[in-house]
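Peer 1:
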Amino acid sequence: MAAHLRRPALSVDMETVVQTARSRGYTAQGEMFSANNMALLAEEICGCKAELLSGGLSGNNAATIVKHLWERQPVLIPYDEDYNHEPCQRSGHRAHWAVASGVLLGLDQGSVSEKHHQTDPSLPWLHLLNDTSFTCPVGSSGFREVYVLAKQGKSLRYQLWSLDSLAQSNVQLRTMDPQRADDGTQYVVPDGGVEAGLAGQAVLLHTRTQEQYKKCE
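The C-terminal residue of the sequence shown carries number 1135 in this note's numbering, and the numbering is unbroken.
#1: Glycine 1024 lies in the alpha helix (DSSP H); which residues open and close that run?
#2: Ordered along the chain, which non-local residues of its own chain (more than five positions away) have a Cβ less than 6 Å from that of serine 976?
#3: Select from Pro1096, Lys985 and Gly1071 the residue whose C-alpha is nearest the C-alpha of phenylalanine 1052.
#4: Hey, out of Val1021, Leu1041, Gln1104 and Gln947, whose CA is closest to valine 1064's CA?
#5: Of the residues Glu961, Cys964 and Ala953, which one's Cα is nearest the Cα of leucine 971?
#6: Apart from the five residues just before and just after glutamine 1077, which ones in its own chain have a Cβ nearer than 8 Å to its Cβ?
#7: Within the continuous alpha helix (DSSP H) that includes aspartate 1109, where are the two ends?
#8: Alpha carbon to alpha carbon, what distance is there between glutamine 1007 and serine 929?
#9: Thinking C-beta only, is valine 993 closer than 8 Å to alanine 1018?
#10: Compute every distance between the C-beta of glycine 1024 and the non-hydrogen atoms of the ligand NAP, then say whether any falls below 7 Å.
#11: By DSSP, does arginine 1008 sit in helix, in strand, or in coil?
#12: For threonine 1037, which of helix, strand or coil comes out of DSSP?
#13: Can you name the start and end residues of the beta strand (DSSP E) that lysine 967 belongs to?
#14: By DSSP's criteria, aspartate 931 is part of a beta bridge. Which residues make up the other side?
#15: Please return the same chain residues whose Cβ sits closer than 8 Å to the Cβ of serine 1073, not counting the five positions on each side in sequence.
#16: What beta strand (DSSP E) runs, 3 residues minimum, are completely inside the region 1061-1111?
#17: Cα-Cα, which of Met956, Ser941, Thr934 and Glu949 is closest to valine 1121?
#18: Hey, out of Ala946, Gly1102 and Thr1093, whose CA is closest to glycine 1110's CA?
#19: Should serine 1040 be labelled buried (16 or more other beta-carbon atoms within 10 Å of its own) or exposed?
#20: Look at the alpha carbon of tyrosine 1105 and the alpha carbon of serine 941, and state the distance between them as a whole number of angstroms.
#21: So, for tyrosine 1131: in the same chain, excluding its five sequence neighbours on each side, which residues have a beta-carbon less than 8 Å away from its beta-carbon?
#22: When we look at the beta-carbon of tyrosine 997 and count the other beta-carbons within 10 Å, is it buried (16 or more) or exposed?
#23: Can you name, in chain order, every residue of its own chain whose Cβ lies under 8 Å from the Cβ of serine 1083, other than the five neighbours on each side?
Below, the structure written as structure tokens:
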């Protein structure tokens, strides 16, 4: 999912991703219980820099994620997936990966100058950024809440998730589903288990080269 968000876009079929992960010893059945391995795989497959974020998705890390998405850069986030693909808390028993590629900020009315945005014609409360040089307002006095535009691999569409709910789901990833752990199938689990491999971690993808960044400035 993340490859097509690369700039320029990159077309990679899932079989290539899985085979590469298997050949590197990152997975056996398609599972990925290590954020570090996911970062290494993303760098190899997407040809971009991958930055491993640890320590949870709240506080300063939340600000880092928001600013990264504000700059139109994707984030890979492990979480417990509910039946509607939204974040839930199952202690890691339903651990999956999602890619976040956009952000919706809840701000006090009037806290952002109208010259930096345009109002959506069908949703008057929604303001679309039209000035790419405008600094991300995260941390400003008018900043209230954050939703991320995210997609899990099996989902047919993107969804808006509260970053708080995603952070809560991410930090409680502790153990593999006991039924999977005892089904006799081989899985690749890092030292320290699911908690050490996934909890409180995310992968920031830097999909532009330095030259591309300069052209956007």
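Yeah, the Cβ is synthetic: ideal placement off N, Cα and C, and Gly gets one too.
Peer 2: Straight from the coordinates:
#1: Note, glycine 1024: premise wrong, no alpha helix (DSSP H); beta strand (DSSP E) at 1013-1025.
#2: Ala1085
#3: The candidate whose alpha carbon is nearest that of phenylalanine 1052 is Lys985.
#4: Val1021
#5: Ala953
#6: His1003, Glu1004, Leu1067, Ala1068 and Lys1069
#7: No alpha helix (DSSP H) holds aspartate 1109; DSSP gives it neither H nor E.
#8: 33 Å
#9: yes
#10: Absent from the structure shown: the ligand NAP. Ligands present: none.
#11: In the structure shown, arginine 1008 sits in coil (DSSP, three-state: anything other than H, G, I, E or B).
#12: strand
#13: 967-971
#14: Aspartate 931 is bridged by DSSP to nothing; it lacks a bridge partner.
#15: His1003
#16: Those beta strand (DSSP E) runs which fall completely within the region 1061-1111 and span 3+ residues are 1061-1070 and 1077-1080.
#17: Met956
#18: Thr1093
#19: exposed
#20: 14 Å
#21: Interpretation of tyrosine 1131 is limited by its pLDDT of 43, a score under 50 that renders its predicted location unreliable; the figure taken from the coordinates is listed afterwards. Contacts found: none.
#22: buried
#23: Glu1004 and Pro1005
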